Structure formats: C-alpha cells, structure tokens
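K.L.:
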Amino acid sequence: ETQEGLVFGIPAVGIPQLRSMCTMHQMGEVSFYFRQVRPYIREITNAPTIQESSSVAARVASDLASLTDPFFQSMAAAVALFSNDTASCNPLESITESEWLALTEGI
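Using the working numbering, read the sequence shown as starting at -15 and increasing by one per residue.
1. Out of Phe16, Thr7, Val(-9), Thr80, point me to the one whose CA is closest to Ala61's CA.
2. Scan the segment -4 to 80 and note each continuous alpha helix (DSSP H) run of 4 residues or more that stays entirely inside, going in chain order.
3. Is the distance from the Cβ of Ala31 to the Cβ of Val40 below 9 Å?
4. Should Met5 and Ala86 be called a contact, given that it needs their Cβ atoms to be closer than 9 Å?
5. Here's a check: name, in chain order, each residue in its chain whose Cβ is nearer than 7 Å to the Cβ of Phe66, leaving out the five neighbours to either side.
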C-alpha cells in the first residue's frame, strides 16, 4: 500500500525509509482515521448494485461525514511533515484515548 511504502521506503523510486518521529506519529494518525473510514467506503463500493450502493451511502453519510475532516486534516499535516519535519512534536502530549486503544490493538 502507499502508506506502507512511504513509511518503509521504496528504494526503486528513491523513497527512503521514514526515520522522523513526528512524521511517523502523524502517519499513525492518518492510519487511525483510515481504519475508521475504510469500512464505510468498502460497504458503499461493494454493494451489488448502484441502487444499493446509493442506499448504503445515504445510510452512512452522517457517520462518514464526521470522519472526513479529521482524516483530511491528518493527511494534510502528514504531507507538510514529509516536506519539512521540524522534529518539534510531542506525541505523548497529543495522543487521544482512542489512538492509545488503536495502538494497543495493533500490538
């Protein structure tokens, strides 16, 4: 996946392995929101007909809409850090309870 390539590097195209704590932390936030958004997107796109897909989209629209802004903001922040990581973050200060739970589930 793209995110994995950005974190672990893709030597064939000149993308080095990510070593910055701030950028890695931000990519973790992107993953956190992606894991929440993905089931909705899959449910919409995997519906057997266009009509069912539209029905599912209407049903999940409110929940999905509440996630899109924080997801976009986390991605925009990650892009900014890829361009210029100042190493001035404090992940422990900003991590939320939900993020801690998601982190521990991945262990």
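Where a beta carbon is used, it is the ideal one built from N, C-alpha and C, also for glycine. For clarity, every value in this text was computed on a predicted model and none was experimentally measured.
P.N.:
Checking against the coordinates, here is how it stands:
1. Ranking Phe16, Thr7, Val(-9), Thr80 by Cα distance to Ala61 puts Thr7 first.
2. Listed in chain order, they are 5 to 29, 34 to 67, 75 to 78.
3. Yes, these two residues count as a Cβ contact at 9 Å.
4. Met5 places its beta carbon 9 Å or farther from that of Ala86.
5. Answer for Phe66: Thr7, listed in chain order.
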